[in-house]
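So the sequence shown is numbered by our numbering: it starts at 4 and just counts up by one.
Reviewing the structure listed below.
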Amino acid sequence: MAALKILFIFSNLLSISIAAASSNSPSNVFRVCSAQRFADLGLDISTFPYCDRSLSYYERARDIVSSMSLAEKVQQLGNKAQGVPRIGIPPYQWWSEALHGVAGSGPGTFFNGTVPGATSFPTVILSAASFNESLWKVIGESVSTEARAMYNLGMAGLTFWSPNINVIRDPRWGRAQETPGEDPFVTGRYAVNFVRGLQDVKGHEYSDDLNSKLLKVSSCCKHFVAYDIESWQGVDRFHFDARVTTQDKLETFQPPFEMCVKEGDVSGVMCSYNSVNGIPSCADRNLLNTVRSKWSFHGYITSDCDSVQVMHMGHKFLNDTEEDAVAQVLQAGMDLDCGDYMPNFTVSAIVKGKVREDDVDQSLINLYIVLMRLGFFDGNPMYESLGKDDVCTKDHIELAADAARQGIVLLKNDNTLPLSPSKYKNLAVVGPHANATKAMIGNYAGIPCRFVSPLDALSKDANVSYAMGCGDVHCPNDTFIRQAVEAAKNADATIIFAGLDLSVEAEGLDRMDLLLPGNQSLLINEIASTVTNPVILVIMSGSGVDISFAKFNPKINSIIWAGYPGEEGGAAIADVIFGRHNPGGRLPMTWYQADYAHKLPMTSMQMRPVEELGYPGRTYKFFNGTTVYPFGYGLSYTQFNLTLVKKHRYILCQLNPLQHCQKMKIKPGHFEPPCAAVQVDDLSSCNLEDIEFAIELKNMGERDGSYTVIVYAAPPDYAGLPSKQVVAFRRVFAQAGESMTIEFKLDPIKSLNVVTDRAYVVLPSGEHNIMIGDGDGAVKFPVDVGFYY
């Protein structure tokens, strides 16, 4: 998410900061309903019902809105809400960011001498590679603590437009680094945990009335929906119309958002720039009604920045005027415009009869209820002691390092790693990312507490000879390669740091290919062909790279993927290389071969193969070609063995006359069963038993390590279904030689359902397979599903 107008000056930051604290001390935490504040404004707080705590948040929000004139109301509909001084309502800046740490990307947050930086955790794609739900939640908790501390100091907002939970449909997408990967279930579980980490107030995690549930900070799941093109061959996100089948929408694009709302209780949702099947997302009543009504969303819906302007000037939707555009989004259910169209054109839209003032009132009520839940009006004593000493704490910095360690993926190893410091005393550290700092934190970042580059970290363990090898990641020539080769010749081992950065993949910038840029491959091959000592390749990137040449080169002994590992990235990589940490990360996205980028356009939204056009399928669910590395891949310094010790094999459901069977697409040569499938919504009376099973995990090696148990469900052999899909995962730690039993319980309706080509969500009959693990060590067992009358 980015604004079309991204530049603003520091004085403006100060004027629109949401917490108008006059001191750097948390003792001056801002709250609207302060008797002293009202007295300073020349107002009597007792005459304003919205400050009466005995009333519900709805009643109080309604009172605020009812006290405003129309002209005053519309000035609260932009991200820079102007406030209404005559009734004591202050300005508020809605736009702050916290994708992987408090960021400086939005105007609601800034850094200065009091708080010069905040903890910068790994970008989301690397944290997702940990497959560790508790880690995701604790990162959210740490980020929200720093956010609250900065709010108390008048330096941040309370509403943070994170996380980005669009799945990675195409490996060329420039924002892949911001997301949890290509699997909708994993992405949804990340959303639930990170959102709860940001939002949950201890002791108030669950509530029957979400409109009164307290919030630590407000999270916002974005970008709804089917958003994953920045700028590709003349097509950009401001004009793109995503042609999406309902099947793909229900199966791939919407589930993370549904989980974010239903299980994460998120308080904000952002609609995206793109159109979906001809209708701009922010103007699509059906889409936004799905969020608000079908999923029982309690919060506010904001546009991506300048989306209403984009809808008018980019999509030229229905050739609308400015007033038409404002009316469309308000009537669709959007509450807030990150931009100025709603503040500028809503009054004239109402005067011209295009939209009702009541629509404005409802949007404002949604907004003010969220602010009340945040304590913006009444304060929140639990967090008001937080201050500058709670930002960049030792624990948060260590958590950033641990998150990077847990996410790092070992892609190749011939037992060269881990290195022994006593044996490998002299290292050559080369490549465009060898001394990386800013590149490690990716986009939507703030100012880190500090940087620990790979060069800095490795220098603590060995004598290091450093050579750039390439002037930058684009490596346009071989000018610096010879210097790197010479450094490698004289070393006990060489570590090459290669990959991508924000000049290759970023918001507004999609990739044109899946290769390492410029002469990076030449640098790697030159070193590998020249030296006789071990060569270790470390890739920093937010998405997959075709490094088949290195994978199959026996002189490249080990390969590590480090994503964009955050401010402590160098330390985390050094811990993995020298064996202080045993890597256990798994790839959250498929690494395709380079020719994938030439087989289909980014603009093709279909997940399944399109045979008549020669398009391959997308993600591990539908792609059946050769990969560089598959989804879920990752090695360890130890060996694990899985054994199935308990399983549940049969699911039977007696149907009543009102429950009807659905047809499935039958493959040629196969026969249709008497009842191929039943709609999930029709199965409530079946009382199906959970699928219970257990595995024994044994660490067979001599090193302690963690193992990610990924559980897949493979549906019966009907046409057009995914080959398999993740239904559960768990990361566990096992000491050397240790055995443990890990139990799972799956809801068959949630875990075994599929979406048909007619967009029915069904439970198919026949033999499903539960698959635990990946590769040769995987175990599986069948679950037979049957229906009868």
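Every residue, glycine too, gets a C-beta built ideally from N, C-alpha and C.
Asked: Can you give me the C-alpha to C-alpha distance between residue 25 and residue 31, rounded to a whole angstrom?; Found: Only weak support exists for where residue 25 lies, its pLDDT of 36 falling under 50; the value from the coordinates is given anyway. Straight-line Cα distance between these residues: approximately 7 Å.
Asked: So, with DSSP's three-state summary, where would you put residue 743?; Found: strand
Asked: Let me check understanding here. Comparing Cα to Cα, which of 347, 530 and 37 lies closest to residue 93?; Found: 37
Asked: Report yes if the CB atom of residue 303 is closer than 9 Å to the CB atom of residue 354, and no otherwise.; Found: no
Asked: Check the DSSP bridge columns for residue 657 and list the partner residues they point to.; Found: 791
Asked: Could you check how far apart the C-beta atoms of residue 702 and residue 626 are, in whole angstroms? I think they sit under 8 Å.; Found: 32 Å between Cβ atoms; not a contact.
Asked: When you compare the region 350-365 with the region 69-78, are there three or more beta-carbon pairs, one atom per stretch, that lie closer than 8 Å?; Found: yes
Asked: Threshold first: 4 residues or longer. Then list the alpha helix (DSSP H) segments lying entirely within the region 607-668, N to C.; Found: 622-625
Asked: Please determine, among 44, 740, 80 and 238, the residue with the shortest C-alpha to C-alpha distance to residue 350.; Found: 80
Asked: How about residue 316 and residue 286: do their beta carbons lie closer than 9 Å?; Found: no
Asked: What does a CB cutoff of less than 8 Å around residue 484 pick up in its chain, not counting 5 residues either side in sequence?; Found: 472, 473, 522, 525, 526 and 529
Asked: Grab the span of the beta strand (DSSP E) containing residue 771 for me, first residue to last.; Found: 769-775
Asked: Going by beta carbon distance, what residues of the same chain come within less than 7 Å of residue 58, once the five residues before and after it are set aside?; Found: 52
Asked: Examine the Cβ distances between the region 135-153 and the region 451-460 and report whether three or more of them are shorter than 8 Å.; Found: no
Asked: Once the 5 residues before and after residue 557 are set aside, which same chain residues still bring their CB inside 8 Å of it?; Found: 417
Asked: Please name the residue in 107, 230, 104 and 752 whose C-alpha comes closest to that of residue 693.; Found: 752
Asked: Tell me, please, which residues DSSP counts as bridged to residue 339.; Found: 305
Asked: In chain order, which continuous runs of the alpha helix (DSSP H) of length 4 or greater are located wholly inside the region 97-156?; Found: 127-131 and 136-155
Asked: How long is the line joining the alpha carbons of residue 477 and residue 435, rounded to whole angstroms?; Found: 9 Å
Asked: Please classify residue 513: does DSSP put it in a helix, a strand, or coil?; Found: coil
Asked: Considering only the alpha carbon of each residue, which of 614, 320 and 500 lies closest to residue 559?; Found: 500
Asked: Check residue 443 in the structure and name its three-state DSSP category.; Found: helix
Asked: Would you check if the distance between the CB atom of residue 254 and the CB atom of residue 192 is smaller than 9 Å?; Found: no
Asked: On the three-state DSSP scale, how would you describe residue 223?; Found: coil
Asked: Is the beta carbon of residue 275 closer than 9 Å to that of residue 307?; Found: yes
Asked: Determine whether the beta carbon atoms of residue 799 and residue 667 lie at a separation below 9 Å.; Found: In the structure as shown, the chain starts at 4 and stops at 792, and residue 799 therefore has no counterpart that could be examined.
Asked: Assuming residue 711 is part of the beta strand (DSSP E), what are its boundary residues?; Found: 708-717
Asked: Below 9 Å between beta carbons: does that hold for residue 278 and residue 320?; Found: yes
Asked: Measure the alpha-carbon distance for residue 421 versus residue 583 and round it to whole angstroms.; Found: 9 Å
Asked: Taking the alpha carbon of residue 260 as the point to measure from, which residue in 134, 245 and 300 has its own alpha carbon closest?; Found: 300
Asked: Could you check the C-alpha separation between residue 150 and residue 377 for me, to the nearest Å?; Found: 12 Å
Asked: Would you tell me roughly how many angstroms separate the C-alpha atoms of residue 744 and residue 508, rounded to the nearest one?; Found: 42 Å
Asked: Name the residue from 335, 656 and 402 whose alpha carbon lies nearest to the alpha carbon of residue 311.; Found: 335
Asked: Would residue 204 and residue 217 be called neighbours here (beta carbons separated by less than 9 Å)?; Found: yes
Asked: Measuring CB to CB, does residue 379 end up less than 9 Å from residue 34?; Found: yes
Asked: Rounded to a whole number of angstroms, what is the C-alpha to C-alpha distance between residue 749 and residue 787?; Found: 14 Å
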